[in-house]
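Visitor: In the numbering used here, the protein residues as written are 37 to 344.
Note that the Cβ used here is the ideal one computed from N, Cα and C, for glycine as well.
Before I ask anything, here is the structure I am working with.
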Ligand code: SF4
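Okay, structure coming up:
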């Protein structure tokens, strides 16, 4: 249905394969960024679900330069999967949280390898400004260029509860500037943040209306050594079960236009630190259930989106 796959949603990996003609592998990079919501600039606590790795991150702190990380990552993927093309992915913490001259060196180092076709930069909406956007937009003629903004919810009461350190209006301002510069925007959302089903759908409808390019959906989960783990142990939160999550994902995607690429629908690589919900440790089971739920409903991404 989408990009010659049997998926009922616009899977980002299939979108990339369609665009470049080969499967594109992400190389996750760690440039030693921090986050203003952890280093004391905004707050020292960080978001309540954030662990030492910078929240749902797969990057590993090490002493290698960015160029070395790209070269090693590309060689490993070539050996293991016969990979041919790659995107540089800055995932952990806030990857625009340095002066623009330093960012320029970091990003340029990530683009030197001849098989890199794109760059994706994850950050917070309060860690961006015109100069940084101008720098990132300068890559877009030669590389597929994305900024991923952590938003989590459009509801300020939720952002406050999770100690996000910015409000929805802050996201809107960053989003508008980024889109004006022609950069693709992927928005991260989290389900299970003490919100009603209707409130989660309001986030879907708002993102659809804004015309975002991509979305990454996470299920809220308690990782070791986080504030949320403490809240969970004290009985302060009940997580969605897998069926509720699967239904909520399908409902959410039905409101998004088919042009929105779906970068992720369940967490990744968390099992060693995952406290709850345990079903999240079996990512592929969850993804299969989402596929089956769409078939059962005979629906698909965008089925409830009103095209004007
Ligand atoms: S913005 Fe990201 S890195 Fe910073 S505290 Fe929140 S989850 Fe952690």
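Just the C-alpha distance for residue 167 and residue 174, rounded to the nearest angstrom, thanks.
Guide: Computed Cα separation, rounded: 11 Å.
Visitor: With a 10 Å radius around its C-beta and 16 neighbouring C-beta atoms as the bar for buried, classify residue 346 as buried or exposed.
Guide: This structure cannot speak to residue 346, because the chain is shown only from 37 to 344.
Visitor: Quick one: residues in its chain with C-beta nearer than 6 Å to the C-beta of residue 49, no 5 flanking neighbours on either side, listed in chain order?
Guide: Within the same chain, residue 49 has no close Cβ partners at all.
Visitor: Would you check if there are 3 or more beta carbon pairs closer than 8 Å linking the stretch 141-157 to the stretch 100-116?
Guide: Flag = yes, the stretch 141-157 and the stretch 100-116 touch.
Visitor: Following the continuous beta strand (DSSP E) through residue 250, name the residue where it begins and the one where it ends.
Guide: Its beta strand (DSSP E) spans residues 250-255.
Visitor: Cβ of residue 132 within 8 Å of Cβ of residue 83?
Guide: Cβ atoms of residue 132 and residue 83: not closer than 8 Å.
Visitor: Please state the DSSP three-state secondary structure of residue 201.
Guide: Note: residue 201 maps to coil in three-state DSSP.
Visitor: Helix or strand or just coil, what does DSSP make of residue 223?
Guide: If DSSP states are grouped into helix, strand and coil, residue 223 belongs with the strands.
Visitor: Using a threshold of 8 Å, state whether the C-beta atoms of residue 156 and residue 184 are closer than that.
Guide: Cβ distance < 8 Å, so residue 156 and residue 184 count as in contact.
Visitor: Taking 7 Å as the cut-off, is the beta-carbon of residue 204 closer than that to any non-hydrogen atom of ligand 1?
Guide: Flag unset: Cβ of residue 204 not near ligand 1.
Visitor: DSSP on residue 153, reduced to helix/strand/coil?
Guide: Reduced to three states, the DSSP call for residue 153 is strand.
Visitor: Could you pull out every residue in the same chain whose Cβ sits closer than 7 Å to the Cβ of residue 239, ignoring the five residues on either side in sequence?
Guide: The answer, listed in chain order, is 189, 190 and 225.
Visitor: Per DSSP, residue 115 is paired with what?
Guide: Residue 115 is not bridged to any residue.
Visitor: Taking 8 Å as the threshold, find out whether the stretch 243-254 comes into contact with the stretch 54-69 through three or more Cβ pairs.
Guide: Cβ pair count under 8 Å is below three, so no.
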